[in-house]
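Read through the structure below, which is laid out as structure tokens, and then see the notes.
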Amino acid sequence: DTAVSQTPKYLVTQMGNDKSIKCEQNLGHDTMYWYKQDSKKFLKIMFSYNNKELIINETVPNRFSPKSPDKAHLNLHINSLELGDSAVYFCASSYRQTGGEVQFFGPGTRLTVL
Amino acid sequence: SQQGEEDPQALSIQEGENATMNCSYKTSINNLQWYRQNSGRGLVHLILIRSNEREKHSGRLRVTLDTSKKSSSLLITASRAADTASYFCATAINTGGFKTIFGAGTRLFVKA
Chain A
874 DTAVSQTPKY LVTQMGNDKS IKCEQNLGHD TMYWYKQDSK KFLKIMFSYN
924 NKELIINETV PNRFSPKSPD KAHLNLHINS LELGDSAVYF CASSYRQTGG
974 EVQFFGPGTR LTVL
Chain B
174 SQQGEEDPQA LSIQEGENAT MNCSYKTSIN NLQWYRQNSG RGLVHLILIR
224 SNEREKHSGR LRVTLDTSKK SSSLLITASR AADTASYFCA TAINTGGFKT
274 IFGAGTRLFV KA
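For the record, the sequence lines run as chains A and B. According to this note's numbering, the first sequence is numbered sequentially starting from 874. According to this note's numbering, the second sequence is numbered sequentially starting from 174.
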């Protein structure tokens, strides 16, 4: 019954590999996001999708490719992984309440690139 | 540089005391939100305050917003050990679509 779920929770891989992280939300929200949280806990938006369409792409290297097969899913594929990609990646979805979008976050995927 | 910056970076208090965290931002906003993150978990939304509001309450939380100073504060009253977490402010700006920008967070430690 988790609202926003991500798999895997941990991912350890070698430099140069390609990996994917999956995200699903069962809240019926139209908008989904990917964030990267670095070791200093700074949370930076990477992508935002609304009804399967890309609306925000924050100067992320094109090694990162999001895919939204439907509005409940937003997956993140990363090619040619680099050491600097090590971080915690959070998926989120949002709904609009009076005044703004409220976001619901997944539990995070801790990616370690060796 | 970041849109939102929290102050202090870390705060340690005794249970029962009040905790105040501040957030400053740079550009005009539509709203400001506070989120909480427990260690190893995702962020959880606490409260949203619109740009035309000055104060908002939710349980033991009190948020103020001063758009003239581009700052907000989060007050947690009668803190509990379970309040130990990182607290982030997030500002929503209109860039064609709304974008939410998070600060680096304040790490709050409440000692029992």
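From the three backbone atoms N, C-alpha and C, an ideal C-beta is built for every residue, glycine too.
### Task
Could you pull out every residue in the same chain whose Cβ sits closer than 6 Å to the Cβ of B/Leu-216, ignoring the five residues on either side in sequence?
Tyr-208, Gln-210
### Partner residues on chain A for B/Arg-223, Cβ-Cβ distance less than 9 Å
Thr-971, Gly-972, Gly-973
### Query
At which residues does the beta strand (DSSP E) containing B/Arg-223 begin and terminate?
216 to 223
### Query
Taking A/Leu-900 as the reference, which of A/Arg-983, A/Arg-969, A/Tyr-883 has the closest Cα?
A/Arg-969
### Task
Can you give me the Cβ contacts of B/Asp-239 inside the same chain, cut-off strictly under 8 Å, excluding the 5 residues immediately before and after it?
If we look at B/Asp-239 and ignore the five residues flanking it on each side, its Cβ neighbours are Arg-227, Ser-245.
### Query
Between B/Asn-225, B/Ala-263, B/Ser-259, which lies nearest to B/Leu-184 when the distance is taken from Cα to Cα?
Looking at B/Asn-225, B/Ala-263, B/Ser-259, the one whose alpha-carbon comes closest to that of B/Leu-184 is B/Ser-259.
#### Entry: Residues of its chain near B/Phe-282, where Cβ-Cβ distance is below 6 Å and the 5 sequence neighbours each way are ignored
Ser-185, Thr-257
### Task
Report yes if the CB atom of A/Asp-891 is closer than 8 Å to the CB atom of A/Lys-944, and no otherwise.
no
### Query
Which residues mark the beginning and the end of the beta strand (DSSP E) in which B/Ala-263 is found?
For B/Ala-263, the enclosing beta strand (DSSP E) starts and ends at 258 to 267.
### Query
Grouping DSSP H, G and I as helix and E and B as strand, with all else coil, what is A/Leu-956?
helix
### Message
Does the structure place the stretch 948 to 955 of chain A close enough to the stretch 925 to 933 of chain A that three or more beta carbon pairs sit under 8 Å?
### Response
no
### Task
Run the CB neighbour count on B/Arg-253, radius 10 Å, all protein chains shown included, and call it buried at 16 or more, exposed below.
exposed
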